[in-house]
Amino acid sequence: MDERLLPIECPSCRAGLRVTRLVCPECGTSVEGEFGLPVLCRLRNEEQALVVNFIKCGGNLKDLARVYGVSYPTVRNRLDALMREVQRLEGVETKEE
Amino acid sequence: MAEQDATTVREARSIWTWLFNPFRYIAGGPALSLGLAAIAAAGLVAYFGRARFDGVLDFHTQGEPPFGLAVADGLINWIVMVVLLWAGGRLVSSTRFRALDLLGTQALARWPMAIAALAVLLPGYQRFSLELMGHVADPEFLMEIVSVQAVLAIVVVLLMVIWMVALMYNGFAVSCNLSGGKALGIFVPAIIVGEVISNLLIYRLLPGFFASAGA
């Protein structure tokens with residue numbers, strides 16, 4: 007399993023990265039072009055973890071708080087911050103289009 | 354994304370966070386239970402120390418307060434702040450927060466008052482406060498009766514009040530998802546208004562209530 011993290015921003019100027027090449031690991035066929043990353047892939051790793059855990063908990067914030075070992079309002083505040091981040095990324099996406 | 358380990362998330366806990374912002378880890382029902390126990394304990398100890406929490410930020414030694422008043426003071430201070438912070442939070446927070454979290458965090462934030470109540474039990478402070486009654490405005494007399502234990506108790510009480518205010522602010526910030534200017538803009542006026550309202554309730558309403566209940 008590839009343990010490397012997907013880079014989502016340019017290490018030089020911090021702009022969002024785009025995918026230009028995709029490779030089939032079975033036959034080596036590659037597809038080239040310029041593809042934008044979906045919003046979820048452009049979140050930071052801990053934000054992606056929050057989304058995954060939220061789904062795993064069936065959307066139950068109390069269970070999610072237990073997973074993180076924090077209080078209900080703490081986890082709800084993190085979700086609020088995530089909502090704002092998703093809205094911001096979608097706003098950027100709209101502008102780019 | 355699926356190939357990354359996204360779910361190892363349980364965060365490390367620091368002693369400083371437990372001391373000054375335990376609400377990161379505990380809020381709602383558990384905080385409410387612990388907080389109410391702390392308020393009751395503080396009132397009980399204060400009663401034996403002949404002291405009262407006669408205002409949101411007040412703690413004064415005074416004569417022989419009735420037992421009911423000593424405990425009711427803490428509850429009034431707590432509920433006044435909850436109502437004010439809840440109203441302020443509703444006004445400026447974009448998060449749909451739970452009243453239960455404010456009730457819990459503001460109750461638990463008052464736990465340092467139990468330590469303050471213990472501090473005034475020191476015999477040196479008790480002697481000091483008894484002798485001081487009626488001579489508050491006499492600095493020379495004050496210097497004659499002051500003792501190490503009295504100074505220690507006063508310093509501990511002051512530190513506990515500061516600690517309580519820090520906890521109250523952090524509890525409010527976590528419960529209502531506010532920070533910086535927005536949080537302070539609500540919290541500071543709420544403390545000032547709360548001080549006035551709690552004093553009015555404690556000195557105008559409570560004595561009448563206890564008098565009619567005793568009659």
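As given, the protein sequences belong to chains D and P, one line each in that order. The first sequence begins at 7 in my numbering and counts up one residue at a time. The second sequence begins at 354 in my numbering and counts up one residue at a time. Glycine included, C-beta positions come from ideal geometry on N, C-alpha and C.
What's the gap between the Cα of residue i and the Cα of residue j?
i        : j        : result
D/Leu28  : P/Arg363 : 34 Å
P/Met517 : P/Leu461 : 9 Å
D/Val81  : D/Ala71  : 6 Å
D/Val173 : P/Leu444 : Nothing can be reported for residue 173 of chain D, as the shown portion of chain D is limited to 7 through 103.
D/Arg24  : D/Gly39  : 10 Å
P/Ala394 : D/Val57  : 42 Å
P/Ser551 : P/Leu387 : 22 Å
D/Thr35  : D/Thr26  : 14 Å
P/Ala384 : P/Val499 : 38 Å
P/Ala355 : D/Pro79  : Residue confidence for P/Ala355 is low, a pLDDT of 42 falling below 50, so the modelled location carries little weight; the figure read from the coordinates is stated next. Whole-angstrom Cα-Cα distance: 28 Å.
D/Ile61  : D/Asp69  : 11 Å
P/Cys529 : P/Leu558 : 30 Å
P/Tyr400 : P/Val424 : 8 Å
P/Gly416 : P/Arg405 : 10 Å
P/Ala568 : P/Gly402 : Its pLDDT being 43, under 50, P/Ala568 is placed unreliably by the model, and nothing is read from it.
D/Arg94  : P/Pro465 : 41 Å
D/Arg90  : P/Ile515 : 34 Å
D/Leu88  : P/Asn374 : 22 Å
D/Asp86  : D/Phe41  : 28 Å
Do residue j and residue i have their beta-carbon atoms positioned less than 9 Å apart in this structure?
i        : j        : result
P/Gly441 : P/Ala543 : yes
P/Gly524 : P/Thr448 : no
P/Val398 : P/Leu471 : yes
P/Ile555 : P/Gly408 : yes
P/Ala380 : P/Ala467 : no
D/Asn59  : D/Tyr74  : yes
D/Glu96  : D/Val45  : yes
P/Asp454 : D/Ser18  : no
P/Val511 : P/Tyr522 : First, the residue type needs correcting, since residue 511 of chain P is Leu and not Val in the sequence shown. Contact flag unset, no.
P/Val508 : P/Gly477 : no
For residue i, is the classification buried or exposed, using 16 other Cβ atoms within 10 angstroms of its Cβ as the cut-off for buried?
i        : result
P/Asp358 : Only weak support is given to the placement of P/Asp358: the predicted model assigns it a pLDDT of 49, under 50, and the question is left unresolved by the model.
D/Gln54  : buried
P/Phe420 : exposed
P/Leu531 : buried
P/Val433 : buried
P/Pro418 : buried
P/Met513 : buried
P/Ala503 : buried
P/Trp431 : buried
D/Met7   : Low confidence applies here, because D/Met7 scores a pLDDT of 49, under 50, leaving its location unreliable and the question unanswered by this model.
Grab the span of the beta strand (DSSP E) containing residue i for me, first residue to last.
i        : result
D/Leu56  : Premise fails: D/Leu56 lies in the alpha helix (DSSP H), 51-62, not in any beta strand (DSSP E).
P/Arg443 : No beta strand (DSSP E) holds P/Arg443; the alpha helix (DSSP H) holding it covers 420-445.
D/Arg27  : 25-29
Judging by CA-CA distance, which residue of the options is the nearest neighbour of residue i?
i        : options                                : result
P/Leu428 : P/Thr414, P/Glu417, P/Leu410           : P/Leu410
P/His413 : P/Tyr522, P/Gln479, P/Val546, P/Phe540 : P/Gln479
P/Leu372 : P/Ala365, P/Leu520, P/Asp426           : P/Leu520
P/Leu438 : P/Leu553, P/Pro560, P/Gly547           : P/Gly547
D/Arg48  : D/Ala87, D/Glu15, D/Leu85, D/Val37     : D/Glu15
P/Glu497 : P/Val508, P/Leu485, P/Trp369, P/Gly534 : P/Leu485
P/Val435 : P/Ala526, P/Gly534, P/Leu505, P/Lys535 : P/Ala526
P/Ala469 : P/Tyr522, P/Ile368, P/Ala506           : P/Ala506
D/Gly22  : D/Arg84, D/Asp86, D/Leu43              : D/Leu43
D/Arg84  : P/Phe481, P/Arg377, P/Ala452, P/Gly382 : P/Arg377
Could you tell me the boundaries of the alpha helix (DSSP H) in which residue i lies?
i       : result
D/Arg72 : 67-74
D/Leu41 : Per the sequence presented here, residue 41 of chain D reads as Phe, with Leu not at that position. Looking at the DSSP string, D/Phe41 is not in any alpha helix (DSSP H); the run it does join, the beta strand (DSSP E), is 36-41.
D/Ser77 : It is not in any alpha helix (DSSP H) - D/Ser77 carries neither H nor E in the DSSP assignment.
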